[in-house]
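In the working numbering, the protein residues as written are 6 to 231.
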């Protein structure tokens, strides 16, 4: 059996998260006038295209002989476009606080890369006794171990470089003054996982906690049916 689905979305608004404009709303420029967000832009969680294709083939009872009888194979291809983000310059807390950065392009004008992932499931049901049977299965998540970039650092637009060591007034001077500092920083932030967690806070962290999608995972299990 072959089936699939695809959806299209165009999410726009004045703020991607409940606290998106908390800084300027809570601290008006003139101390009196309250700021009301009015500029409509693509929202950070928008995926304009998302879809999947599923191929499932199964042998029924008394079909295919003792080896193939009640054996099933299912492959799932899922894909989605990237989500918007805004490249900017600023201080060390550039990701975590909008007040610490200055955009260098229109709001959410850039987009992360497309994501593609193939998952596989193979299972076979074996009759043990009367109505008792066991379903033995193996799940492979991300069969091809595709490195899907889900988020990037706003200073560089990259998932492998946060730009800290090359930005004047942030980390460049420390890196030039002490080469061991740069080496230590790169060693600690080998995959930037911890750095992204520290940099991203609030709603952004809860909805976008990782730089990359899941690596290849193999799961083996048995389910008893009666």
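No residue lacks a Cβ here, since even glycine has one placed at the ideal position from N, Cα and C.
Remember, predicted model here, so these are calculated numbers, not experimental data.
For residue j and residue i, the rounded distance between their alpha carbons
{"i": "residue 21", "j": "residue 50", "result": "7 Å"}
{"i": "residue 11", "j": "residue 217", "result": "23 Å"}
{"i": "residue 208", "j": "residue 230", "result": "Confidence at residue 208 is low in this model, with a pLDDT of 42, below 50, so its placement is unreliable and the value that follows should be read with caution. C-alpha separation (whole angstroms): 41 Å."}
{"i": "residue 123", "j": "residue 182", "result": "46 Å"}
{"i": "residue 81", "j": "residue 9", "result": "9 Å"}
{"i": "residue 6", "j": "residue 150", "result": "25 Å"}
{"i": "residue 114", "j": "residue 224", "result": "39 Å"}
{"i": "residue 206", "j": "residue 62", "result": "Note that residue 206 scores a pLDDT of 49, beneath 50, so its modelled location is shaky and nothing firm can be said."}
{"i": "residue 233", "j": "residue 43", "result": "Because residue 233 is not part of the residues shown, which for the chain are 6 to 231, the question remains open."}
Opening and closing residue of the alpha helix (DSSP H) in which residue i lies
{"i": "residue 70", "result": "70-73"}
{"i": "residue 185", "result": "184-193"}
Closest residue to residue i among the options (Cα-Cα distance)
{"i": "residue 146", "options": "215, 188, 221", "result": "221"}
{"i": "residue 65", "options": "75, 43, 159, 181", "result": "75"}
{"i": "residue 130", "options": "228, 14, 15, 154", "result": "228"}
{"i": "residue 160", "options": "56, 190, 139, 106", "result": "106"}
Limits of the unbroken beta strand (DSSP E) element including residue i
{"i": "residue 139", "result": "137-146"}
{"i": "residue 108", "result": "106-108"}
Exposure label - residue i; buried when at least 16 CB within 10 Å
{"i": "residue 167", "result": "buried"}
{"i": "residue 157", "result": "buried"}
{"i": "residue 192", "result": "exposed"}
{"i": "residue 54", "result": "exposed"}
{"i": "residue 41", "result": "exposed"}
Pair every Cβ in the region 133-152 with every Cβ in the region 107-115, then say whether three or more of these pairs are closer than 8 Å.
no
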